[in-house]
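Worksheet: the structure to be examined is printed underneath.
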Amino acid sequence: MASASAPGKILWIGDYSVLERPCAAYVTGVDKRVTVTVDNRDDSRVAISAAQFKAFFDGDYKNGSIIPRTADESTLNATKFVRKALEVAGAFLTAKGKAFNGVSVKTQSDKEFGFGASKAGLGSSAAVTVATVAALFAAKGLSVDNNREEIHKCSQIAHSLVQGKVGSGFDVAAACYGGCKYSRYSPELVKSLGETPSPEEISKAVEAEWDYSIEPIPMPEQFAAVIASFNGESTSTSIMVQLVNAWKANNADEYKELIASLDAANREAIAALAEGDMELFREKFVEGRALTKELGVKSGAPIESDEYTRLIGGSEENGAFVAKLPGAGGGDAIAALCISPDEAEQLREYWNENERLTVLDVSFANEGVRAETR
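If you number the sequence shown the way the numbering used here does, the last residue is 1361 and the count never jumps.
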């Protein structure tokens, strides 16, 4: 038996533009984690217990795929990232002489992640994918720290396959490595794989030279993060990205120009953050947010509605240094940076007056995936 945990994330800079290489994003880890425990079995059965979803999956591992014994739609949906992580990591380990057969798996998320219609946008799917891969590696006797790159690549492949190969992988990178400046890998690295790649195909893909960039940049200590989730509201990242991609296909030149402007502002914001120039950081952060909203207006993706723009403006008048809808935008969460405890408390009080919001007990954390001892 082995356990591993991976953190959630907040994408502060690089929404949507991070989908295009080599655009830069800035993502931080948080102190809330998803923990996965894997126990090897002697048979081919795959049993997955996801307590936070009240879901139990029962199936069998056969010819590289996990075949369900039961087909309850909610259970299949609740365990899809775990199952694909097991398939991909199992294929890689099999190719490396660590044969994968049956396993019993338990997952548990800190409550701040939320789920269903009240998920908080903290990246639970990426965190559970990375934690599952890491726990399986550990169950097969492999060190998480010494195999972080392989865990990262297996997780990127699995997460991308479930998402329809549309994500950039920033959330997986944060779950594996913690907070960082990130530029994505070439999507062809994953698009060439089928839905259930063979062990040889997985091994070849993982051992290939990937062209992502991960640069650790800690959030300045003066900042405090304040996060709130929208009650009963949720955004599908895949659907939002598909809307943006549809507009891109019909407006290639305009899209390219907008993304170039957005990435320029984002890179200046990240550089200013690293150098401690807070006023320039705020200026470029706000510029990037406005360009991201423009992308939503043009594509029809509800990235930041006028209602949310007013909420962000009110937040900046009540303690927030900067605020935004992180990640895909829409209705998962709102996040802000405050430069003093008093301003952070002022913002919490402002958000607590809004019946649509639940303020979360979340703060920064730089540690990525880790093995857990029990």
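Glycine is no exception: its CB is placed at the ideal position from the N, C-alpha and C atoms.
Predicted model only: the values in this text are computed from it and were never measured.
As assigned by DSSP and simplified to three states, the class of residue i
i: residue 1167; result: strand
i: residue 998; result: strand
i: residue 1210; result: coil
i: residue 1343; result: coil
i: residue 1009; result: coil
i: residue 1235; result: helix
i: residue 1116; result: helix
i: residue 1326; result: coil
i: residue 1105; result: Interpretation of residue 1105 is limited by its pLDDT of 49, a score under 50 that renders its predicted location unreliable; the figure taken from the coordinates is listed afterwards. It is helical.
i: residue 1087; result: coil
i: residue 1320; result: strand
i: residue 1125; result: helix
i: residue 1004; result: helix
i: residue 1331; result: helix
i: residue 1315; result: coil
i: residue 1352; result: coil
i: residue 1248; result: helix
i: residue 1111; result: helix
i: residue 1221; result: coil
Opening and closing residue of the beta strand (DSSP E) in which residue i lies
i: residue 1022; result: 1012-1027
i: residue 1047; result: 1042-1049
i: residue 1311; result: 1309-1311
i: residue 1200; result: 1200-1202
i: residue 1358; result: 1357-1359
Same chain, Cβ closer than 6 Å to residue i, neighbours up to 5 away in sequence not counted
i: residue 1095; result: 1022 and 1038
i: residue 1056; result: 1045 and 1046
i: residue 1309; result: 1269, 1272 and 1324
i: residue 1145; result: 1071, 1072, 1075 and 1116
i: residue 1104; result: Below a pLDDT of 50, predicted positions are generally treated as unreliable, and residue 1104, at 46, falls in that range; the measurement from the model is reported next regardless. The residues are 1219 and 1221.
i: residue 1010; result: 1004 and 1250
i: residue 1143; result: 1156 and 1159
i: residue 1242; result: 1235
i: residue 1246; result: 1004 and 1007
i: residue 1228; result: 1153
i: residue 1274; result: 1252
Anticipated Cβ contact below 8 Å, residue i with residue j, distance rounded
i: residue 1312; j: residue 1325; result: Contact flag wrong, Cβ pair sits at about 17 Å.
i: residue 1261; j: residue 1267; result: About 11 Å separates the two Cβ atoms, so there is no contact after all.
i: residue 1250; j: residue 1004; result: 5 Å
i: residue 1006; j: residue 1155; result: 5 Å
i: residue 1183; j: residue 1092; result: Not really, about 18 Å apart at Cβ, beyond 8 Å.
i: residue 1188; j: residue 1348; result: Contact doesn't hold; Cβ gap of about 42 Å is too wide.
i: residue 1051; j: residue 1185; result: 6 Å
i: residue 1113; j: residue 1214; result: That belief does not hold up - the Cβ atoms of residue 1113 and residue 1214 are roughly 17 Å apart, past 8 Å.
i: residue 1109; j: residue 1181; result: With 8 Å as the limit, residue 1109 and residue 1181 do not qualify as a contact, their Cβ atoms being about 30 Å apart.
i: residue 1216; j: residue 1319; result: 7 Å
i: residue 1278; j: residue 1248; result: 6 Å
Range of the contiguous alpha helix (DSSP H) that encloses residue i
i: residue 1036; result: Taken as a continuous stretch (DSSP letters only), residue 1036 belongs to no alpha helix (DSSP H), being part of the beta strand (DSSP E) at 1032-1037.
i: residue 1147; result: 1135-1149
i: residue 1094; result: Premise fails: residue 1094 lies in the beta strand (DSSP E), 1090-1096, not in any alpha helix (DSSP H).
i: residue 1056; result: First-last for residue 1056: undefined, no H or E at that position.
i: residue 1277; result: 1265-1286
i: residue 1187; result: 1186-1194
i: residue 1074; result: 1067-1082
i: residue 1301; result: 1293-1303
i: residue 1152; result: Residue 1152 -> no alpha helix (DSSP H), and no H or E assigned at all.
i: residue 1175; result: 1175-1178
Beta-carbon contacts of residue i that lie in its chain and below 7 Å, excluding the five residues immediately before and after
i: residue 1205; result: 1166 and 1353
i: residue 1032; result: 1047 and 1089
i: residue 1141; result: 1075, 1076, 1079, 1120 and 1193
i: residue 1254; result: 1011
i: residue 1345; result: 1215, 1216 and 1218
i: residue 1028; result: 1088, 1089, 1090 and 1091
Cβ-based neighbour list, residue i, same chain, cut-off 8 Å, excluding 5 preceding and 5 following
i: residue 1131; result: 991, 1121, 1124, 1125, 1138, 1356, 1357 and 1358
i: residue 1296; result: 1280
Margin query: I'd like to know if the segment 1072-1082 and the segment 1207-1222 are in contact, where contact means that at least 3 CB-CB pairs between them fall below 8 Å.
Written below: no
Next item on the list: Answer yes if the segment 1300-1307 comes into contact with the segment 1191-1202, meaning at least three C-beta pairs across the two stretches below 8 Å, and no otherwise.
Entry: no
Note to self: Does the segment 1154-1173 come into contact with the segment 1011-1030, if we say contact requires no fewer than three beta-carbon pairs (one atom in each stretch) closer than 8 Å?
What the structure shows: yes
Next item on the list: Inspect the CB distances between the segment 1169-1178 and the segment 1285-1298 and report whether three or more fall short of 8 Å.
Entry: no
Next item on the list: Report yes or no: do the segment 1131-1150 and the segment 1334-1343 share at least 3 C-beta pairs separated by less than 8 Å?
Entry: no
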